[in-house]
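Peer 1: First residue of the sequence shown: 72, per my numbering; consecutive thereafter. Sharing a structure with you now.
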Amino acid sequence: MPAELYFCSECGYESHKWLGRCSACGAWNSFVAQPPPARGGSAVVPRGAEPVPITEAAASLVERVLTGIEGTDRVLGGGLVPGSLVLLAGEPGVGKSTLLLQVAAALAGPETPAVYVSGEESAQQVALRARRLGVAAPDLLLLPETSAEAVLGHLEGLTPSLVVVDSVQTMVAEGVEAVAGSPTQVRQVAARFQQLAKTRGVPVILVGHVTKEGMIAGPKLLEHLVDVVLSFEGEPGHDVRLLRAGKNRFGTVAELALFAMTDNGLEQVRNPSAWLLEDRQVGAPGSVVAVAVEGTAPLLVEVQALVSSSALGTPRRVADGFDNARLALLLAVLERRTGARFNDSDVYVNIVGGLTLREPALDLAVAAALLSSAADRPLAGDVAVFGEIGLLGEVRAVSRTAERAREAAALGFARVATAARNGATPLALPVHPLERVDDLATLLESKRT
Ligand code: TYD
Ligand code: MG
Numbered sequence: 072m073p074a075e076l077y078f079c080s081e082c083g084y085e086s087h088k089w090l091g092r093c094s095a096c097g098a099w100n101s102f103v104a105q106p107p108p109a110r111g112g113s114a115v116v117p118r119g120a121e122p123v124p125i126t127e128a129a130a131s132l133v134e135r136v137l138t139g140i141e142g143t144d145r146v147l148g149g150g151l152v153p154g155s156l157v158l159l160a161g162e163p164g165v166g167k168s169t170l171l172l173q174v175a176a177a178l179a180g181p182e183t184p185a186v187y188v189s190g191e192e193s194a195q196q197v198a199l200r201a202r203r204l205g206v207a208a209p210d211l212l213l214l215p216e217t218s219a220e221a222v223l224g225h226l227e228g229l230t231p232s233l234v235v236v237d238s239v240q241t242m243v244a245e246g247v248e249a250v251a252g253s254p255t256q257v258r259q260v261a262a263r264f265q266q267l268a269k270t271r272g273v274p275v276i277l278v279g280h281v282t283k284e285g286m287i288a289g290p291k292l293l294e295h296l297v298d299v300v301l302s303f304e305g306e307p308g309h310d311v312r313l314l315r316a317g318k319n320r321f322g323t324v325a326e327l328a329l330f331a332m333t334d335n336g337l338e339q340v341r342n343p344s345a346w347l348l349e350d351r352q353v354g355a356p357g358s359v360v361a362v363a364v365e366g367t368a369p370l371l372v373e374v375q376a377l378v379s380s381s382a383l384g385t386p387r388r389v390a391d392g393f394d395n396a397r398l399a400l401l402l403a404v405l406e407r408r409t410g411a412r413f414n415d416s417d418v419y420v421n422i423v424g425g426l427t428l429r430e431p432a433l434d435l436a437v438a439a440a441l442l443s444s445a446a447d448r449p450l451a452g453d454v455a456v457f458g459e460i461g462l463l464g465e466v467r468a469v470s471r472t473a474e475r476a477r478e479a480a481a482l483g484f485a486r487v488a489t490a491a492r493n494g495a496t497p498l499a500l501p502v503h504p505l506e507r508v509d510d511l512a513t514l515l516e517s518k519r520t
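Written out as structure tokens, the structure is:
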């Protein structure tokens, strides 16, 4: 008999004794007892599996099912792997159901229907959405059901190409004494569908809701159980949606796809850089085009900064889509290494389009935007900027310089401003070399009158 375990229903932290406050996430009264695992319930591989030579085992991994949506396939590592369990995590309203309905419709075939299990919406609601998206087809089967066992029963006579469970938090596993959405239920439900995926060789996608505050019972608890964790991100008020993998047993986690939420559902953005720069105000002080690398592809984004005199004792520092601590550090470096003063100014930084980027190569663009706004002088309009800034104010080279320059060239930029020392590779564009942050002044144009 294993010792009883307790775990935090907020973050999944496990402890051998009950805690009033979680020592991992700080939540109060979040600890619940975890029943001992059901016998055989956590065994992934069916008993009786034989050892196989590694050279032969690899063959089964390459087989993939394409979803027909290029971005989704790419983020998955080249399509869905039969028998895999995928978790699609995202905030309510971001478009998870929309994306999966489109994926399910693409995979549905006469012999191999796609099954969309909905515990949140009625069959009518899902059908109406499918019709509006233009993806309603007889091979896309809707199953409004919240019992995992009932779903498994319905699937027995079918050979589905895909099973979508929307959402894992609405489902219950029979015989488990816990409410839907509780950590115990979520784990047990996921284990049932994992069994289905492994034994029937069907890809199963679970939808999991998360909130801004963090992972509610769901994604965090399931990370170790599933093969792939996809996250779908977007900001309220913006059309842009980002799909990326947080874990992928069958591919890299570097890939990323951009979608736009339209009246006709999600449309993949084929040229993200052009799309993100569409509304750019060329020649406005505080606006800089940065070349980031997200996933495997370079991405041009507009960085905006606003530096304005503050009426507050403690001026505001607000970064949207960029790390706040990194902004504070850049301001300190700029104060120290250039003549700029920010201590009585409010400072706002925004990555346009609602993306959140954490790449160090953005430093230089953020610094340039801050200096440009502070001086009220626009940056040269023909230049794209990338580079990391060190604590001493030095501009440091970043990876993938050649690809960044190529993307900037493709979007019509005439030069790139980056570290003076950036390797031997010839670039697609001439480099405006920068040794130190104060060299950014050479990119500022004269004040507009
Ligand atoms: P939904 O897929 O229901 O989100 P989730 O399953 O992640 O909670 O989509 C949420 C929003 O998307 C909804 O508020 C309306 C919007 N939407 C569109 O703009 N166009 C569409 O074609 C669809 C289906 C939804
Ligand atoms: Mg939904």
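In this text, a Cβ means the ideal position worked out from N, Cα and C, and glycines have one as well.
Run the proximity test for Thr241: is its beta-carbon closer than 6 Å to any non-hydrogen atom belonging to the ligand TYD?
Peer 2: Flag unset: Cβ of Thr241 not near the ligand TYD.
Peer 1: With a CB to CB cut of under 8 Å and the five nearest residues on each side skipped, what residues in its chain are close to Thr169?
Peer 2: Counting only Cβ-Cβ distances below 8 Å, and skipping sequence neighbours, we find Arg200, Leu204, Met332, Gly336 and Leu337.
Peer 1: Locate the alpha helix (DSSP H) running through His225, then write down its first and last residues.
Peer 2: Its alpha helix (DSSP H) spans residues Ala219 to Leu226.
Peer 1: Look up Phe264 in the DSSP assignment and say whether it is helix, strand or coil.
Peer 2: Reduced to three states, the DSSP call for Phe264 is helix.
Peer 1: Per the DSSP calculation, Ala21 is bridged to which residue(s)?
Peer 2: Here the chain has residues from 72 to 520 only, and residue 21 is not among them.
Peer 1: Measure the CB-CB distance between Ser443 and Pro356 and report whether it falls below 7 Å.
Peer 2: In contact: Ser443 and Pro356 (Cβ atoms closer than 7 Å).
Peer 1: By the DSSP assignment, the alpha helix (DSSP H) with Glu521 in it spans what residues?
Peer 2: In this structure the chain extends from 72 to 520, so residue 521 is not present and cannot be described.
Peer 1: For Leu90, name the three-state secondary structure that DSSP assigns.
Peer 2: Three-state DSSP puts Leu90 in coil, outside helix and strand.
Peer 1: Among the candidates Val297, Leu348, Leu428 and Glu248, whose CA atom is the shortest distance from the CA of Gly390?
Peer 2: For the sequence presented, residue 390 should be read as Ala rather than Gly. Checked all of Val297, Leu348, Leu428 and Glu248; the closest Cα to Ala390 is Leu428.
Peer 1: Are Pro449 and Gly354 close, meaning C-beta to C-beta below 7 Å?
Peer 2: Their beta carbons are under 7 Å apart, which means Pro449 touches Gly354 by this criterion.
Peer 1: Look at the alpha carbon of Asp334 and the alpha carbon of Asp210, and state the distance between them as a whole number of angstroms.
Peer 2: Distance between the alpha carbons of Asp334 and Asp210 is about 24 Å.
Peer 1: Where Trp89 and Ala251 are concerned, what is the direct C-alpha to C-alpha distance, given to the nearest angstrom?
Peer 2: Those two C-alpha atoms are separated by around 22 Å.
Peer 1: Are the beta-carbon atoms of Ala454 and Val374 separated by less than 7 Å?
Peer 2: According to the sequence shown, residue 454 is Val rather than Ala. For Val454 and Val374, no; Cβs fall outside 7 Å.
Peer 1: Suppose you measure from the CA of Val360 to the CA of Val456; what does that come to, to the nearest Å?
Peer 2: Their backbone Cα atoms lie some 6 Å apart in a straight line.
Peer 1: So the candidates are Asn421, Ser80 and Lys518; which of them puts its Cα closest to the Cα of Ala249?
Peer 2: Comparing Cα-Cα distances from Ala249 to each of Asn421, Ser80 and Lys518, the minimum goes to Ser80.
Peer 1: In whole angstroms, what separates the C-alpha of Ile276 from that of Asp298?
Peer 2: Taking the straight line from one Cα to the other gives about 10 Å.
Peer 1: Which of helix, strand or coil does DSSP assign to Ser253?
Peer 2: Three-state DSSP puts Ser253 in coil, outside helix and strand.
Peer 1: Name all residues in chain order for which at least one heavy atom of the ligand MG lies closer than 6 Å to the residue's CB.
Peer 2: That gives Lys167, Ser168, Glu191 and Asp237.
Peer 1: Between the Cα of Gly154 and the Cα atoms of Ala363, Leu482, Gly190 and Arg320, which residue gives the shortest distance?
Peer 2: It is Arg320 whose Cα lies nearest to the Cα of Gly154.
Peer 1: Check for me: the alpha helix (DSSP H) holding Asn395 runs from which residue to which?
Peer 2: It spans Asn395 to Arg408 - the alpha helix (DSSP H) in which Asn395 sits, taken as one unbroken run.
Peer 1: Can you give me the C-alpha to C-alpha distance between Gly142 and Ala175, rounded to a whole angstrom?
Peer 2: Rounded to the nearest angstrom, the two C-alpha atoms are 15 Å apart.
Peer 1: When you measure from the CB of Arg200 to every non-hydrogen atom of the ligand TYD, does any distance come out below 6 Å?
Peer 2: Checking every heavy atom of the ligand TYD against the Cβ of Arg200, one is found closer than 6 Å.
Peer 1: Got a sec: does the ligand TYD put a non-hydrogen atom nearer than 6 Å to the Cβ of Gly164?
Peer 2: Answer for Gly164: yes, Cβ within range of the ligand TYD.
Peer 1: Quick check: is any heavy atom of the ligand TYD less than 6 Å from the C-beta of Gly425?
Peer 2: Gly425 Cβ: outside cutoff for every heavy atom of the ligand TYD.
Peer 1: Please name the residue or residues paired with Pro504 in a DSSP beta bridge.
Peer 2: Its beta-bridge partners are Thr489.
Peer 1: Gly410: which of Leu398, Ala446, Leu433 and Leu377 sits nearest, CA to CA?
Peer 2: Among Leu398, Ala446, Leu433 and Leu377, the Cα nearest to that of Gly410 is on Ala446.
Peer 1: Excluding the five sequence neighbours on either side, which residues of its own chain have a C-beta within less than 7 Å of the C-beta of Asp394, listed in chain order?
Peer 2: Cβ within range, chain order: Arg429.
Peer 1: To the nearest angstrom, report how far apart Asp510 and Ala376 are at their CA atoms.
Peer 2: So the two alpha carbons sit approximately 18 Å from each other.
Peer 1: Taking the C-alpha atoms as reference points, what is the distance between Glu121 and Ala219?
Peer 2: Approximately 30 Å between the Cα atoms of the pair.
Peer 1: The ligand TYD heavy atoms versus the CB of Gly336: any closer than 6 Å?
Peer 2: Flag set: Cβ of Gly336 near the ligand TYD.
Peer 1: Provide the residue(s) that pair with Val236 in DSSP beta bridges, ordered along the chain.
Peer 2: Answer is Val188 and Leu277.
Peer 1: For Tyr77, which option in Leu398, Pro254, Gln259 and Gly228 has the closest C-alpha, if you only look at C-alpha atoms?
Peer 2: Ranking Leu398, Pro254, Gln259 and Gly228 by Cα distance to Tyr77 puts Pro254 first.
Peer 1: Expressed to the nearest angstrom, what Euclidean distance is found between the alpha-carbon atoms of Arg471 and Leu426?
Peer 2: So the two alpha carbons sit approximately 20 Å from each other.
Peer 1: Tell me, to the nearest whole angstrom, how far the beta carbon of Leu500 is from that of Phe484; I am working on the premise that it is less than 8 Å.
Peer 2: Right, the Cβ-Cβ distance comes to about 7 Å (below 8 Å), so this counts as a contact.
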